[in-house]
Amino acid sequence: MSEWVSVAKLGELAPGSHRVVDVDGASVVVFNLGGEYFAIEDVCTHDGGQLTGGTVEGDQVVCPRHGARFSIRTGEALSAPAYEPVATFPVRVENGEIQVRDARWD
1 MSEWVSVAKL GELAPGSHRV VDVDGASVVV FNLGGEYFAI EDVCTHDGGQ
51 LTGGTVEGDQ VVCPRHGARF SIRTGEALSA PAYEPVATFP VRVENGEIQV
101 RDARWD
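When we follow this note's numbering, the leftmost residue of the sequence shown carries the number 1, and every step to the right adds one.
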C-alpha cells in the first residue's frame, strides 16, 4: 500500500489554487475547488505533457498545448484531442494537513 504524502497544511492551499507533488514517482496536482480537494495526475493523456500551466475553468483544467479539457473531479477527458481520462488519486485531511496517495497499485 502506498503512503500518504503531505501536500500542504490546511489553509495553505486557497480555493481556486493547486499544488504539484511527487507521489511515488508520479507527478500529482491537487486542486482546491471551493474547499473540496481533488487530485489528478499532472499528465495530458493526449501528448504526455503537463496539465499545470493550463487554465482552470470551474472544475476543469485546460491543457496548455492543445486545449484538451479534463474534469478535475473525475479525471474524465471532456474534449479532443484527449480521449482517455487522467488518473485520479484519493485526498484526505489528516491532523491539519492535506494529503494524497497513489492507490493505483494497492
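All residues carry an ideal CB built from backbone N, CA and C; glycine is no exception.
To the nearest angstrom, how far is it from the Cα of residue i to the Cα of residue j?
| i | j | result |
| --- | --- | --- |
| V23 | S17 | 19 Å |
| Q60 | F89 | 16 Å |
| P64 | G54 | 4 Å |
| G25 | G34 | 28 Å |
| Q50 | N95 | 30 Å |
| E57 | S71 | 10 Å |
| V62 | G48 | 14 Å |
| S79 | V21 | 26 Å |
In its own chain, which residues sit with a C-beta less than 6 Å from the C-beta of residue i, not counting the 5 before and 5 after it?
| i | result |
| --- | --- |
| Y83 | A77 |
Using a Cβ-Cβ cutoff of less than 7 Å, which residues in the same chain neighbour residue i once the five nearest sequence positions on both sides are dropped?
| i | result |
| --- | --- |
| P81 | H46, H66, A68 |
| R104 | A87 |
Excluding the 5 residues flanking residue i on each side, which residues of the same chain have their C-beta closer than 8 Å to its C-beta?
| i | result |
| --- | --- |
| V93 | L10, Y37, Q99 |
| R19 | V7, A8, L13, V29, V30 |
| E97 | S6, V7, A8, K9, L10 |
Take the Cβ of residue i as the centre, count every other Cβ of all protein chains shown within 10 Å, and call the residue buried at 16 or more, exposed below.
| i | result |
| --- | --- |
| N32 | buried |
| V41 | Rather than Val, the amino acid found at residue 41 in this sequence is Glu. E41 is buried by the Cβ-count criterion. |
| D106 | exposed |
Is the beta carbon of residue i less than 8 Å from the beta carbon of residue j?
| i | j | result |
| --- | --- | --- |
| S2 | R101 | yes |
| S27 | V5 | no |
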